[in-house]
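The C-terminal position of the sequence shown is numbered 379 in full-length UniProt numbering, with every residue numbered one higher than the one before it.
All remarks here apply to the structure that follows.
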Amino acid sequence: MLLMESSSVVIDIGSAWCKAGLAMENYPTLAVPSVVGYQFYEEEVKVYSPNILKACPPKIRKVVGLEKMRELKEMPNQFAIDRGRVLNWDAMEDIWYYSFDYLGIKTKNHPVLITEFPRNDENYRQKTLEIMMETFNVPSLHIGNQAELSLFGSGFLTGIVLDCGAGLTRIAPILGGQMIPEFTLIFELGGLDISSLLYKSLTNRSGDLSNLVQREAMEDLKEKLCYVSKNPHQKESSKSFTSSQQTFSVLPDGTIVSLTEKHLTYPDLLFNPSKFGLPGEELGLKIFSSAMSCDKNSKSIFSHVVLSGGSTLFDGFSERLFLDLGRFRFASCPTEVVSRPNRIYLPWLGGSMFSCLSTFMSCGITREKYHEAGAAALL
1 MLLMESSSVV
11 IDIGSAWCKA
21 GLAMENYPTL
31 AVPSVVGYQF
41 YEEEVKVYSP
51 NILKACPPKI
61 RKVVGLEKMR
71 ELKEMPNQFA
81 IDRGRVLNWD
91 AMEDIWYYSF
101 DYLGIKTKNH
111 PVLITEFPRN
121 DENYRQKTLE
131 IMMETFNVPS
141 LHIGNQAELS
151 LFGSGFLTGI
161 VLDCGAGLTR
171 IAPILGGQMI
181 PEFTLIFELG
191 GLDISSLLYK
201 SLTNRSGDLS
211 NLVQREAMED
221 LKEKLCYVSK
231 NPHQKESSKS
241 FTSSQQTFSV
251 LPDGTIVSLT
261 EKHLTYPDLL
271 FNPSKFGLPG
281 EELGLKIFSS
291 AMSCDKNSKS
301 IFSHVVLSGG
311 STLFDGFSER
321 LFLDLGRFRF
331 ASCPTEVVSR
341 PNRIYLPWLG
351 GSMFSCLSTF
361 MSCGITREKY
371 HEAGAAALL
């Protein structure tokens, strides 16, 4: 009972998923798609449990949750976040409502830690603070940097974080637990771009994956079959293409598609965008340049390259990155590519660990401070 009444809630938001759970756990309790569906009704509907009730606008029922994905695919929907930016704050709020309700807690009793993307603007922080205090009445809020939390969750305070998610790739050098913003690189390239390329190539249609059915089909193919070329200069021999189950698939509309080696190695897009007609230097060079920009601290920062995010889970990703970094680094500057099995949850895990520290409460903005200073409490 003491745990449920006082433990912090940790929420890690992303372009594809929102992960939430109580501190001191090793994994989040839930991962909910960052999408909300809208179904029209004749009367006003209440869709939340007695823990947290929210009346939807008249004639609209809002649908949230992984267990509702079949329903979501058949109705108008919108993702709350796109490439690290909140596009729809109402949808974001609905996802938070769902998360708190799923955890079965009273928000007034639990401090909250919410992650933010590196280089997020002040508007995000202000709006997040406003919703958490005005709508959920939380006792305190801490907004934590995803890159810093990922490194902390890996057991390091100094290193460089490579975070590849659905919509963004971020390279963040961190010294003593603090990100160095001027040398942090963020570019709009991620897992969704691989899925779009796969869809466009297999169907000869636009790569727009706003349709949830098409998006889920490409995500499924990508996650089950695709991999990174460990050495792009040599012919890949680690995969067999003799089985029809490995080369053919049926899309939801009944279309039968054949995947060649070219399709299966589309995750190489993350390492060398120019190979696919997109602007950008090689990933290994970007990481090396970011670390070397840190001057006298570059060697210690470059010693650990920590992988984070779902798009680093492709088979061969860490091996390829290690080889690529070896082409740029100095012999006197050894580098370890840290690829934890739980790296898809690293920002959340780091937040869970951080919120258990004795100093955590002094880092957050309390309800009292917010009511005294408003948004200025962030300063």
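Note that beta-carbon positions come from the ideal geometry of N, C-alpha and C, so glycine has one too.
Given the structure is predicted, the values throughout are model-derived calculations rather than measurements.
> Roughly how many whole angstroms lie between the Cα atoms of PRO279 and ASP268?
Replying inline: Translated into the one-based positions of the sequence shown, residue 279 becomes position 279. Translated into the one-based positions of the sequence shown, residue 268 becomes position 268. Approximately 14 Å, taken between the alpha carbons.
>> Taking the straight line between their C-alpha atoms, what separation do you get for SER339 and PHE354?
In response: Here residue 339 refers to the residue found at position 339 when the sequence shown is read from its first residue. Here residue 354 refers to the residue found at position 354 when the sequence shown is read from its first residue. About 20 Å.
> Does DSSP classify residue 380 as helix, strand or coil?
Replying inline: With the chain represented from 1 up to 379, any question about residue 380 goes unanswered, as that position is not in the structure.
> With a CB to CB cut of under 6 Å and the five nearest residues on each side skipped, what residues in its chain are close to LEU379?
Replying inline: What you label residue 379 is simply residue 379 of the sequence shown in a count that begins at 1. Excluding positions up to five away in sequence, the list is empty.
> Among ASN342, ILE287, GLU368, which one has its Cα closest to the Cα of ILE160?
Replying inline: Locating residue 160 in the sequence shown gives position 160, counting from the first residue. Comparing Cα-Cα distances from ILE160 to each of ASN342, ILE287, GLU368, the minimum goes to ILE287.
> Within 10 angstroms of its Cβ, does PHE40 collect 16 or more other Cβ (buried), or is it exposed?
Replying inline: By 1-based counting over the sequence shown, the position of residue 40 is 40. Classification of PHE40: exposed, given that the 10 Å Cβ count is below 16.
> Relative to the C-alpha of LEU283, which residue among GLY310, GLY190, MET179 is closest?
Replying inline: In the sequence shown, residue 283 corresponds to position 283, counting from 1. Looking at the Cα atoms, GLY190 is the closest of the given residues.
> Along the chain, where does the alpha helix (DSSP H) that runs through ILE95 open and close?
Replying inline: To locate residue 95, count along the sequence shown from 1; it is residue 95. Unbroken alpha helix (DSSP H) run through ILE95: 89-103.
> DSSP on ASN123, reduced to helix/strand/coil?
Replying inline: By 1-based counting over the sequence shown, the position of residue 123 is 123. Correct three-state label for ASN123: helix.
>> So, with DSSP's three-state summary, where would you put GLU336?
In response: One-based indexing of the sequence shown puts residue 336 at position 336. Reduced to three states, the DSSP call for GLU336 is strand.
> Out of GLY37, VAL305, SER99, GLN126, which has the shortest C-alpha to C-alpha gap to GLY155?
Replying inline: In the sequence shown, counting from the first residue as 1, residue 155 sits at position 155. When only C-alpha atoms are compared, the closest one is VAL305.
>> By the three-class DSSP mapping on this structure, what secondary structure does ARG327 have?
In response: Position 327 of the sequence shown holds residue 327. Here ARG327 sits in helix by DSSP.
> If you check the beta carbons only, do TYR124 and GLU130 fall under 8 Å apart?
Replying inline: Translated into the one-based positions of the sequence shown, residue 124 becomes position 124. Translated into the one-based positions of the sequence shown, residue 130 becomes position 130. It is not a contact, given that the beta carbons lie outside the stated cut-off.
>> On the CB-based measure, 16 or more other CB atoms within 10 Å of its CB, does ALA31 come out buried or exposed?
In response: Position 31 of the sequence shown, counted from the first residue, corresponds to residue 31. Label assigned to ALA31: buried.
>> Using 8 Å for Cβ pairs, my map puts THR158 next to ILE301. What's the rounded Cβ distance?
In response: Mapped onto the sequence shown, residue 158 falls at position 158. Mapped onto the sequence shown, residue 301 falls at position 301. Contact flag correct, Cβ pair sits at about 6 Å.
> Looking at the structure shown, is PHE79 part of a helix, part of a strand, or coil, going by DSSP?
Replying inline: What you label residue 79 is simply residue 79 of the sequence shown in a count that begins at 1. If DSSP states are grouped into helix, strand and coil, PHE79 belongs with the strands.
>> With three or more C-beta pairs closer than 8 Å as the rule, is the region 10-28 touching the region 80-99?
In response: yes
> For GLY176, which three-state DSSP category applies?
Replying inline: The sequence position of residue 176 within the sequence shown is 176, counting from 1. In the structure shown, GLY176 sits in coil (DSSP, three-state: anything other than H, G, I, E or B).
> Do the CB positions of ALA23 and CYS356 come within less than 8 Å of each other?
Replying inline: For the purposes of this step, residue 23 is identified with residue 23 of the sequence shown, where counting begins at 1. For the purposes of this step, residue 356 is identified with residue 356 of the sequence shown, where counting begins at 1. Between ALA23 and CYS356, the CB-CB gap stays under 8 Å.
> If you follow the beta strand (DSSP E) that CYS164 is part of, which residue opens it and which one closes it?
Replying inline: Locating residue 164 in the sequence shown gives position 164, counting from the first residue. Per DSSP, CYS164 belongs to the beta strand (DSSP E) from 159-164.
> To the nearest whole angstrom, what separates the beta carbons of PRO173 and ASN145, a pair I think is in contact under 8 Å?
Replying inline: If you number the sequence shown from 1, residue 173 lands on position 173. If you number the sequence shown from 1, residue 145 lands on position 145. With a contact defined as Cβ atoms closer than 8 Å, PRO173 and ASN145 miss out at about 13 Å.
>> Any beta carbon from chain B within less than 8 Å of LYS106's own beta carbon?
In response: Of the protein chains in the structure, only one exists, and it is not chain B.
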